[in-house]
Amino acid sequence: MKRTLMLIIALSLPSLAALAQDANALLKSVDENLMPESYEATRRLINEEPDGGKKEFTFFTVKKGKDKIAMLYIAPASERGRATLRLGENMWLYIPNVNKPIRITSLQSIGIKAIVH
844 MKRTLMLIIA LSLPSLAALA QDANALLKSV DENLMPESYE ATRRLINEEP
894 DGGKKEFTFF TVKKGKDKIA MLYIAPASER GRATLRLGEN MWLYIPNVNK
944 PIRITSLQSI GIKAIVH
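My numbering applies: residue 844 is where the sequence shown begins, and numbers increase by one.
Spelled out as structure tokens, the structure:
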């Protein structure tokens with residue numbers, strides 16, 4: 844009985860390895876479809892505030908390669924025209940009423956509303 848069980852296990856190992864390779868290939872394909880190297884997209888973001896309020900943003904994003912991303916705010920009207928640009932580790936914020944790009948850090952990009960408003 845033990846010998847039969849070992850034989851079954853030994854014969855199953857190659858098919859288990861093939862299943863693992865198929866699963867890895869599937870995950871890689873899903874990742875490539877969800878985050879392609881280059882794309883253009885219009886996105887909507889709903890920000891839920893700690894006080895329960897919600898603010899909705901719409902922006903157009905262009906990504907080229909791994910480290911070039913531009914984002915232009917379309918809505919709400921108070922944000923329209925605002926843009927961010929990332930080239931590698933360098934980031935800039937453009938605010939229409941300031942009329943020139945401001946270099947920012949990635950940490951500042953998270954809290955930029957507090958800095959600018």
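Note that the Cβ used here is the ideal one computed from N, Cα and C, for glycine as well.
Computed from a predicted model, the values in this text were never measured in an experiment.
By Cβ distance below 6 Å, which residues in the same chain neighbour residue i in space, the five residues on each side in sequence not counted?
{"i": "Trp935", "result": "Leu928, Pro944 and Arg946"}
{"i": "Asp910", "result": "Gly931"}
Starting from the C-beta of residue i, find all residues in its chain whose C-beta is less than 7 Å away, skip the five residues before and the five after it, and write them out in chain order.
{"i": "Leu869", "result": "none"}
{"i": "Asn942", "result": "none"}
Got a sec? Which residues, its chain only, sit under 8 Å from residue i by beta carbon, not counting five neighbours each side?
{"i": "Lys956", "result": "Low local confidence applies: a pLDDT of 47 at Lys956 is under 50, so the model's placement there is unreliable, and no value is given."}
{"i": "Lys898", "result": "Ile889, Asn890, Glu892 and Pro919"}
Mapping the DSSP letters down to three states, classify residue i as helix, strand or coil.
{"i": "Asn940", "result": "coil"}
{"i": "Thr948", "result": "coil"}
{"i": "Arg923", "result": "coil"}
{"i": "Glu892", "result": "coil"}
{"i": "Glu875", "result": "helix"}
{"i": "Ala957", "result": "The predicted position of Ala957 is uncertain, since its pLDDT is 41 and thus under 50; a value taken from the coordinates is nonetheless stated next. Ala957 falls in the helix class under three-state DSSP."}
Have a look at the DSSP bridge pairing and note the partners of residue i.
{"i": "Val905", "result": "Glu883 and Ala913"}
{"i": "Leu870", "result": "Paired residues: none, contrary to the question."}
{"i": "Glu899", "result": "Ile889"}
{"i": "Arg929", "result": "Ile912 and Met934"}
Using the rule of at least 16 other Cβ atoms within 10 Å of the residue's Cβ for burial, across every protein chain shown, is residue i buried or exposed?
{"i": "Tyr882", "result": "exposed"}
{"i": "Arg887", "result": "exposed"}
{"i": "Arg925", "result": "buried"}
Compute the distance between the beta-carbons of residue i and residue j, then report whether it is under 7 Å.
{"i": "Thr901", "j": "Ala884", "result": "no"}
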